[in-house]
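Numbering (UniProt numbering), first residue to last: 1 to 177.
Beneath this line is the structure, given in structure tokens, with notes to follow.
If you want it as structure tokens, here you go:
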């Protein structure tokens, strides 16, 4: 990033690498991902107690989102069946798609994986997730970068929230499409 060989980067980190600037995109909450045929898929919103006794797929123990998720369940005194863990949210979603358990992941990865075998559900508790655009400081911006930033903001804000509400229901209208 610091070598200025990029037009735009995305990062979960708010700190700008040397020679760059970051632009915060709208924050969204983490979401539950469930196999489409799972009993919890029938609920519109999930609370911590819904996960009691469920096979739960987690991010790695050192992941800050895993730590926040575990703290929510500890506070609610909910015991999950912790069987699998990985460093990657996309791998978590793949495991959920194969029916290996349920999970909580960031909304962007969840929406990218939603479909016939995986549905998303909002949670009654908040675990904020935010992405930052990383831009070079020491070279001119490429044409269209402002348009792209606006499109990214739109995707992770109100438009994305509408799609999240409809995710998992193939008959539901998809905003912006």
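For each residue, glycine too, the CB sits at the ideal point set by N, CA and C.
What are the residues that DSSP puts in a beta bridge with residue i?
{"i": "residue 11", "result": "132"}
{"i": "residue 82", "result": "56"}
{"i": "residue 35", "result": "118"}
{"i": "residue 20", "result": "136"}
{"i": "residue 105", "result": "31"}
{"i": "residue 100", "result": "None; residue 100 has no bridge partner."}
{"i": "residue 123", "result": "46"}
Thinking just about the alpha-carbon of each residue, which of the options is nearest to the one in residue i?
{"i": "residue 13", "options": "24, 40, 56 and 106", "result": "24"}
{"i": "residue 100", "options": "109, 108 and 117", "result": "117"}
{"i": "residue 64", "options": "54, 30 and 47", "result": "30"}
Run through DSSP, which three-state label would residue i get?
{"i": "residue 176", "result": "With a pLDDT of only 37 at residue 176, under the threshold of 50, the placement of this residue in the model should not be trusted, and no figure is reported."}
{"i": "residue 170", "result": "Because residue 170 sits at a pLDDT of 42, beneath the cut-off of 50, its placement in the model cannot be relied upon, and the following sentence gives the value as read from the coordinates. DSSP places residue 170 in coil when its eight states are reduced to three."}
{"i": "residue 3", "result": "coil"}
{"i": "residue 25", "result": "coil"}
{"i": "residue 46", "result": "strand"}
Check the C-beta distance from residue i over to residue j and give it rounded, since I have them as a contact under 8 Å.
{"i": "residue 28", "j": "residue 136", "result": "About 26 Å separates the two Cβ atoms, so there is no contact after all."}
{"i": "residue 59", "j": "residue 86", "result": "7 Å"}
{"i": "residue 120", "j": "residue 114", "result": "5 Å"}
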